[in-house]
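Note sheet for the following structure.
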Amino acid sequence: MRNSPITSTVPYDKDGVHHGFLRLPHSRNDSAWGSLMIPISVIRNGTGPTALLTGANHGDEYEGPVALQNLALHLTVSDISGRVIIVPAFNYPAFRAGSRNSPIDDGNMNRVFPGNPSGTVTEKIADYFMRTLVPMSNVVVDIHSGGKSLEFLPFAAAHVLADKDQQAACVAAMRAFNAPYSMLLLEIDNTGMYDTAVEDQGKVFVSSELGGGGTTTAKTVSIAKKGIRNVLIHAGILKAEPDVGTSVNLDTPDGDCFVFSNHDGLIEPTVDLGSFVDEGDVLSRVWPLDRTGINPIEYRARRQGMLAGRHFPGLVKAGDFMAVIAITDE
Ligand SMILES: [Zn+2]
Numbered sequence: 002m003r004n005s006p007i008t009s010t011v012p013y014d015k016d017g018v019h020h021g022f023l024r025l026p027h028s029r030n031d032s033a034w035g036s037l038m039i040p041i042s043v044i045r046n047g048t049g050p051t052a053l054l055t056g057a058n059h060g061d062e063y064e065g066p067v068a069l070q071n072l073a074l075h076l077t078v079s080d081i082s083g084r085v086i087i088v089p090a091f092n093y094p095a096f097r098a099g100s101r102n103s104p105i106d107d108g109n110m111n112r113v114f115p116g117n118p119s120g121t122v123t124e125k126i127a128d129y130f131m132r133t134l135v136p137m138s139n140v141v142v143d144i145h146s147g148g149k150s151l152e153f154l155p156f157a158a159a160h161v162l163a164d165k166d167q168q169a170a171c172v173a174a175m176r177a178f179n180a181p182y183s184m185l186l187l188e189i190d191n192t193g194m195y196d197t198a199v200e201d202q203g204k205v206f207v208s209s210e211l212g213g214g215g216t217t218t219a220k221t222v223s224i225a226k227k228g229i230r231n232v233l234i235h236a237g238i239l240k241a242e243p244d245v246g247t248s249v250n251l252d253t254p255d256g257d258c259f260v261f262s263n264h265d266g267l268i269e270p271t272v273d274l275g276s277f278v279d280e281g282d283v284l285s286r287v288w289p290l291d292r293t294g295i296n297p298i299e300y301r302a303r304r305q306g307m308l309a310g311r312h313f314p315g316l317v318k319a320g321d322f323m324a325v326i327a328i329t330d331e
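Under our numbering, the letters of the sequence shown match residues 2 to 331, in that order.
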């Protein structure tokens, strides 16, 4: 396989705080010999574990970029032992456009792994992570939120894995993150996901869903900041005391947790995030868009649990995700 076209302007193996770019040549109409300049910070102090921290894997999810801008500015060499690699905007073209996917190639970063050094811009970035950054890392944190189309209870997540020792290490890191909710996720379709690519390399991996709607709140940003610090402490990199509060365990054991729309329409929510529902309870009504005097379609919970995520915009289309009901041990 050819070498990655991406070069880093910062060293990975020199002590110090280094701010720079991943430079990806991108010839285009307005810049024939131009490059994409993806911001990166590397903070290193001696040998020790490496953490790889990313936000904006999807370009319209902002808790990660905000928390990581803060960390990159304030983290000092004397704070750590080991190395912290910070990329606040993983899908940088998408982040700049405020969109989930890249405006260059419509690439969804979390569906193109393992990437391709000869492929699209999004595939080239994925390939660089796959073959350069992830292999040099021990613990990997990828901060997601709902983006413009989804909203979630703020949770950190670990996956059900075939290797139970690795799963236990990921769950321990997720608990260390200490979001208000901790989710054990069974991915329904993990093809091309960064998560799976990282886990397949045997790494400790934590992701999150912290809010949504294409914006942030003071609360969700503080959850991201705290969680990242806690994982760095847990990994033995950051020398500090963890900030630990309560966290409710969530689980989505099967497909009955997920509700999808069969209709185009106007959503009337009947329960809010964090509410408990019984099997058969109405989650939302979908009203017709084009006439009055017609009953709405009722969407019901297919199992008992807590409403942990929902479709965010006021209008819904057939095939859209509507709701996820999670089991809790509360
Ligand atoms: Zn995402």
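Yeah, the Cβ is synthetic: ideal placement off N, Cα and C, and Gly gets one too.
Exercise for the section: Could you check which residue in G315, A174 and N250 has the C-alpha nearest to that of F204? Expected result: Taking the sequence shown and counting its residues from 1, the one referred to as residue 204 is at position 203. The sequence shown places Lys at residue 204, rather than the Phe named in the question. Answer by Cα proximity: A174.
Exercise for the section: Along the alpha helix (DSSP H) that carries D14, what are the first and last residues, could you check? Expected result: The residue given as residue 14 occupies position 13 in the sequence shown. Where D14 is concerned, there is no enclosing alpha helix (DSSP H), given that its DSSP letter is neither H nor E.
Handout entry: Exposure of A302, with buried meaning 16 or more beta-carbon neighbours within 10 Å
Key = Translated into the one-based positions of the sequence shown, residue 302 becomes position 301. Classification of A302: buried, given that the 10 Å Cβ count is 16 or more.
Handout entry: Residue from C171, V67, Y63 and V85 whose Cα sits closest to the Cα of D14
Key = In the sequence shown, residue 14 corresponds to position 13, counting from 1. That would be V85, whose Cα lies nearest to the Cα of D14.
Exercise for the section: Work out the CA separation of A163 and V287 for me, nearest whole Å. Expected result: Walking along the sequence shown from the start, residue 287 turns up at place 286. Walking along the sequence shown from the start, residue 163 turns up at place 162. Looking at the two C-alpha atoms, the distance is approximately 39 Å.
Handout entry: Cα-Cα separation, A236 to P26
Key = As a first step, residue 236 is located in the sequence shown; it is residue number 235 there, counting from the start. As a first step, residue 26 is located in the sequence shown; it is residue number 25 there, counting from the start. Distance between the alpha carbons of A236 and P26 is about 34 Å.
Exercise for the section: Give the DSSP bridge partners of T55, in chain order. Expected result: Counting from 1 along the sequence shown, the entry for residue 55 is found at position 54. DSSP, once it has assigned bridges, lists V88 and D143 as partnering T55.
Handout entry: DSSP three-state assignment for E242, whether helix, strand or coil
Key = Counting from 1 along the sequence shown, the entry for residue 242 is found at position 241. If DSSP states are grouped into helix, strand and coil, E242 belongs with coil.
Handout entry: Neighbourhood of ligand 2 [Cβ distance below 7 Å to any heavy atom], ordered by chain position
Key = This structure lacks ligand 2; the ligands present are ligand 1.
Practice task
Kindly provide the ranges of any beta strand (DSSP E) runs that are 3 or more residues long and lie completely inside the region 142 to 174, ordered along the chain.
Solution key: 151 to 153 and 156 to 160
Exercise for the section: With DSSP collapsed to three states, give me the class of E188. Expected result: Counting from one through the sequence shown, the residue named residue 188 turns up at place 187. E188 falls in the coil class under three-state DSSP.
Exercise for the section: Report the rounded CA-to-CA distance for L53 versus I238, giving the unit in angstroms. Expected result: The residue labelled residue 53 in the question sits at position 52 within the sequence shown. The residue labelled residue 238 in the question sits at position 237 within the sequence shown. Each residue's alpha carbon lies about 12 Å from the other.
Handout entry: Own chain, CB closer than 6 Å to G214, minus 5 neighbours either side, in chain order
Key = Numbered from 1 along the sequence shown, position 213 holds the residue referred to as residue 214. Contacts found: E152 and F313.
Practice task
Grab the span of the alpha helix (DSSP H) containing E124 for me, first residue to last.
Solution key: For the purposes of this step, residue 124 is identified with residue 123 of the sequence shown, where counting begins at 1. Looking at the DSSP string, the run of the alpha helix (DSSP H) that includes E124 is V122 to Y129.
Handout entry: Inter-residue spacing [alpha-carbon to alpha-carbon] between V43 and L316
Key = In the sequence shown, the residue the question calls residue 43 occupies position 42. In the sequence shown, the residue the question calls residue 316 occupies position 315. The alpha-carbon atoms of V43 and L316 are separated by roughly 42 Å.
Practice task
Determine the closest residue to K149 out of T133, S100 and S82, with distance taken between C-alpha atoms.
Solution key: One-based indexing of the sequence shown puts residue 149 at position 148. For the residues T133, S100 and S82, the minimum Cα distance to K149 belongs to S100.
Practice task
Could you work out which residue in D143, D31, P89 and I81 is closest to G49 when comparing CA atoms only?
Solution key: The residue you call residue 49 lines up with position 48 of the sequence shown. When each option's Cα is compared against that of G49, the closest is I81.
Exercise for the section: Identify whether N250 lies in helix, strand or coil by the three-state DSSP scheme. Expected result: Locating residue 250 in the sequence shown gives position 249, counting from the first residue. Strand at N250.
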